[in-house]
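Numbering-wise, the sequence shown is residues 703 to 967 according to my numbering.
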Amino acid sequence: MLVHFWRDSEINQMAQDGQIGKYAIPKGYVNGTQMCKANGKFLADYTKLKSTKQYLQALSNDMKIIISSLVIEIQAHGSEQSTWLHPEIAVDLARWVSVEFRVWANRTLTKIIVASEVEPIPEPEPPKAIAPSHEAAQLAMILGEFAGLDKSLTAQLAVNAATAVNPALKPAADELKTAIASTNSAEDAFLNATQIGEVVGMSARAVNNWLVQSGLQYRTQDKKIPYRPTESGKQWGRMVPALARSSNQTVFQLRWLPTVTELFQ
């Protein structure tokens with residue numbers, strides 16, 4: 703309960719929603735009986751005015767609150783019998799009493815109204831959503847690890863998955879793929895068809911034909927990845943990222959362990 707003083711007279715105001723006997727009094731409501739008593743006035747003289755009745759009805763219509771809830775009359779014995787007013791009505795009552803009292807009421811009784819209006823209401827934080835591109839990259843990483851793919855290849859797949867979902871990532875993704883490929887040790891550990899041919903004395907085309915006929919690789923319809931290893935070929939070959947010399951872009955190539963050359967003998 704807030705206790706205000708007007709010329710040594712006590713005027714109470716509800717600091718929070720509260721209860722007086724069986725009556726529920728909302729936050730900010732003011733004891734109108736005390737307001738009038740402090741000025742030698744009677745509340746009934748204010749409420750019976752035609753202008754007051756019109757004001758109460760207009761306020762009720764605007765706020766969608768019945769008048770009996772804007773002006774709460776407590777029926778009790780002794781000092782507990784009183785009338786509590788909505789703070790806007792309390793200020794209007796003060797205007798009726800005197801100019802000085804109106805100034806005091808405007809400055810004193812409306813403080814709790816202003817505080818209530820600006821009091822921040824905390825809102826629960828929305829759950830943090832994972833970007834679809836992030837989810838796609840995570841899925842590619844999981845599948846790559848599950849399939850036992852080379853870590854560098856798995857990273858490339860994750861980058862490709864992310865850019866497929868969000869094309870705006872492509873410029874940064876291209877730089878990342880280039881960096882991955884340029885630092886990939888697998889490129890040096892495995893041989894391409896040209897390098898195999900240098901060892902066994904065959905052209906790169908002849909090496910590829912021999913690998914196809916031997917059931918170690920098969921042709922694809924993809925110009926970027928023309929060959930992939932068969933199940934048997936995975937014992938010696940794997941797909942690794944590498945830099946294309948013509949475009950400086952990252953491509954996937956089928957490379958082979960050096961021991962594959964022994965199969966040509």
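Note that beta-carbon positions come from the ideal geometry of N, C-alpha and C, so glycine has one too.
Continuous beta strand (DSSP E) stretch holding Phe892: start and end: Note, Phe892: premise wrong, no beta strand (DSSP E); not H, not E.
Residue range of the unbroken beta strand (DSSP E) whose run includes Val929: First, the amino acid is wrong: residue 929 is Tyr here, not Val. Residues Tyr929 to Pro931.
Same chain, Cβ closer than 6 Å to Thr810, five either side skipped, listed in chain order: For Thr810, where only same-chain residues beyond five positions count, the Cβ hits under 6 Å are His706.
Segments assigned alpha helix (DSSP H), at least 4 residues, entirely inside the region 711 to 773: 734 to 739, 745 to 749, 752 to 765 and 769 to 772, all fully within the region 711 to 773.
Residue burial classification, Tyr920 (beta-carbon count within 10 angstroms, cutoff 16): Here Tyr920 is exposed: its Cβ has fewer than 16 other Cβ atoms, across all protein chains shown, within 10 Å.
Unbroken alpha helix (DSSP H) run spanning Gln915, endpoints: Ala906 to Gln915 is the extent of the alpha helix (DSSP H) around Gln915.
Residue interval of the alpha helix (DSSP H) (run including Leu795): Run containing Leu795: Pro789 to Val799, per the alpha helix (DSSP H) assignment.
Identity of the residue in Ile898, Thr865 and Pro826 nearest His836 by Cα: For the residues Ile898, Thr865 and Pro826, the minimum Cα distance to His836 belongs to Thr865.
Buried or exposed by the 16-neighbour rule on C-beta atoms within 10 Å, applied to Gln777: Residue environment for Gln777: exposed (fewer than 16 other C-beta atoms within 10 angstroms of its C-beta).
Member of Lys750, Ile927, Glu933 and Ala906 whose CA lies at the smallest distance from the CA of Gly667: Shown here, the chain extends from 703 to 967; a query on residue 667 therefore has no answer.
Val942 and Ile898 closer than 8 Å at C-beta: Here Val942 is not near Ile898, since their CB atoms are 8 Å or more apart.
Neighbourhood of Ala895 by C-beta distance below 7 Å, restricted to the same chain and skipping five residues each side: For Ala895, same chain residues with a beta-carbon under 7 Å away, outside a window of 5 residues either side, are Ala906, Val909 and Asn910 in chain order.
Beta-carbon gap between Trp786 and Asn733 smaller than 8 Å: Taking the C-beta atoms as reference points, Asn733 is found nearer than 8 Å to Trp786.
Nonlocal neighbours in the same chain, by C-beta distance under 7 Å from Tyr757, ignoring five residues either side: Excluding residues up to 5 positions away in sequence, Asp794 lie with their Cβ nearer than 7 Å to the Cβ of Tyr757 in the same chain.
Proximity of Gly720 and Ile713 at Cβ, strictly below 8 Å: Their beta carbons are not under 8 Å apart, which means Gly720 does not touch Ile713 by this criterion.
Straight-line gap, Val804 to His788 (C-alpha atoms, nearest Å): Going by the sequence as given, residue 804 is Arg instead of Val. So the alpha carbons of these two residues sit roughly 15 Å apart.
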